[in-house]
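Some notes on the structure that comes next.
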Amino acid sequence: MTLVPLPAFADNYIWMLQDGHNAIVVDPGDAGPVFDALGRGNLQLAAILVTHHHADHTGGVAALHAATGAKVFGPARERIPEPSTPLAQGDHAEALGLRFEVIDIPGHTAGHIAFFLPADPRNAAAGGLAPLLFCGDTLFSGGCGRLFEGTPAQMLASLEALAALPGDTRVCCGHEYTLANLRFAQSVEPGNADLTHYMAHCEALRARGEPTLPSQLATERKINPFLRSREATVSRAVHAHAGLPAQAAPAEVFAALRQWKNDFR
Numbered sequence: 169m170t171l172v173p174l175p176a177f178a179d180n181y182i183w184m185l186q187d188g189h190n191a192i193v194v195d196p197g198d199a200g201p202v203f204d205a206l207g208r209g210n211l212q213l214a215a216i217l218v219t220h221h222h223a224d225h226t227g228g229v230a231a232l233h234a235a236t237g238a239k240v241f242g243p244a245r246e247r248i249p250e251p252s253t254p255l256a257q258g259d260h261a262e263a264l265g266l267r268f269e270v271i272d273i274p275g276h277t278a279g280h281i282a283f284f285l286p287a288d289p290r291n292a293a294a295g296g297l298a299p300l301l302f303c304g305d306t307l308f309s310g311g312c313g314r315l316f317e318g319t320p321a322q323m324l325a326s327l328e329a330l331a332a333l334p335g336d337t338r339v340c341c342g343h344e345y346t347l348a349n350l351r352f353a354q355s356v357e358p359g360n361a362d363l364t365h366y367m368a369h370c371e372a373l374r375a376r377g378e379p380t381l382p383s384q385l386a387t388e389r390k391i392n393p394f395l396r397s398r399e400a401t402v403s404r405a406v407h408a409h410a411g412l413p414a415q416a417a418p419a420e421v422f423a424a425l426r427q428w429k430n431d432f433r
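Each residue of the sequence shown is one higher than the last, beginning at 169 in this note's numbering.
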């Protein structure tokens with residue numbers, strides 16, 4: 169089993185898992201890159217996983233399903249191209265001998281879900297790829313998604329649920345936003361040595377035309393301010409930037425951090 173990021177639009181990734189014969193894709197906003205990859209590898213599409221309803225994650229679903237008959241799995245609380253199997257917290261999606269756990273992660277959208285593939289004997293077909301997390305636009309490397317439909321408290325809880333997954337989890341998010349996110353992260357934690365090292369690593373990858381993804385969850389815990397909003401260094405920076413009262417609740421600190429990112433140039 170191999171994991172391949174298929175570039176789409178300006179900065180999206182459509183994730184593909186394939187075993188040399190069959191494939192699974194995640195968030196195919198554009199059918200074209202998927203059809204190209206299927207053709208190059210002489211692959212049959214078995215399943216489509218969808219994390220949320222935004223068009224740059226769903227735009228290719230109907231065409232891919234019509235052409236291949238691939239089964240579609242998507243969030244139960246959002247409108248996804250039909251026919252699809254609706255999923256929510258505690259459900260599972262199974263394809264190609266893999267069993268993905270579904271995690272509710274509202275915030276970016278109201279019904280956003282993640283697909284987590286644990287390192288489990290039942291997922292032996294994944295080889296050494298698991299654990300894997302397909303988190304759409306909730307968690308990015310060095311950042312998080314905008315709050316279009318959810319609340320800061322929801323997004324904070326969603327990110328903390330993802331942060332609790334095993335540290336060796338490969339984080340497969342929906343966009344190549346890493347360098348911009350890390351520039352903001354450095355303004356929040358300029359003294360973070362792990363962040364400085366990771367920035368240099370990611371700059372080198374992009375200079376070679378390579379993706380910065382997947383990242384690793386253990387790294388994100390060290391460098392991502394949105395996973396670190398309760399850390400003293402981040403909290404102090406947010407309080408100073410936003411003028412928050414000393415007794416501000418964690419969700420208020422997180423909201424101010426997200427607003428800081430929204431305004432950052």
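All C-beta atoms in this analysis are idealised placements derived from N, C-alpha and C, irrespective of residue type, glycine included. Remember, predicted model here, so these are calculated numbers, not experimental data.
Residues of its chain near residue i, where Cβ-Cβ distance is below 6 angstroms and the 5 sequence neighbours each way are ignored
i      : result
ALA235 : none
ARG396 : VAL402
LEU373 : THR380
TRP428 : HIS409
ALA375 : none
PRO254 : ALA244
ALA215 : ILE192, ALA238, LYS239 and ALA263
PHE241 : LEU217, THR253, LEU255 and ALA261
Presumed contact (8 angstroms Cβ cut-off) between residue i and residue j, rounded CB distance
i      : j      : result
ASP259 : PRO299 : Between PRO299 and ASP259 the Cβ distance is about 18 angstroms, and since that is not below 8 angstroms, they are no contact.
CYS312 : THR319 : About 13 angstroms; that fails the 8 angstroms criterion.
VAL202 : PHE302 : Not really, about 15 angstroms apart at Cβ, beyond 8 angstroms.
PHE177 : GLY200 : So it is not a contact: roughly 10 angstroms between Cβ atoms.
ALA281 : THR226 : Per the sequence shown, the amino acid found at residue 281 is Ile instead of Ala. Incorrect: roughly 13 angstroms between the Cβ atoms, too far for contact.
Which listed residue (the options) has its alpha carbon closest to that of residue i
i      : options                           : result
VAL421 : SER326, HIS409 and PHE432         : HIS409
GLY275 : ASN291, LEU315 and GLY304         : LEU315
ARG433 : VAL218, LEU350 and ARG267         : LEU350
LEU171 : TRP428, SER383, ILE391 and PHE394 : SER383
ALA244 : THR346, LYS429, ILE273 and ALA424 : ILE273
GLN257 : PHE284, ASP224 and GLY342         : PHE284
CYS341 : GLU328, HIS233 and PHE308         : PHE308
GLU328 : ASP288, GLY296 and ALA386         : ALA386
Identity of the residues DSSP links to residue i by a beta bridge
i      : result
THR253 : PHE241
GLY181 : Note that residue 181 corresponds to Tyr in the displayed sequence, not to Gly. Answer is PRO175, bridged to TYR181.
LEU217 : VAL194 and PHE241
PHE283 : VAL270 and PHE302
THR170 : GLN186
CYS341 : GLY304
HIS260 : GLU269
GLN384 : ARG338
Same chain only: Cβ atoms within 7 angstroms of residue i, ignoring 5 sequence neighbours per side
i      : result
ARG398 : PRO418
PRO286 : GLU269, ALA298 and PRO299
LEU412 : VAL406, GLU420, VAL421 and ALA424
VAL356 : PRO393, VAL402 and ALA405
Chain-order list of residues whose beta-carbon lies under 8 angstroms from that of residue i (same chain, five-residue window excluded)
i      : result
GLN354 : ASN360, LEU363, THR364 and MET367
ASP431 : none
HIS343 : ASP179, ASN180, TYR181, ASP305 and PHE308
* Asked: Counting Cβ pairs, one atom from each stretch, are 3 or more of them under 8 angstroms apart for the region 182–196 and the region 205–225?
  -> yes
* To do: Kindly confirm or deny that the region 366–373 and the region 339–353 touch, where touching means at least three C-beta pairs closer than 8 angstroms.
  => yes
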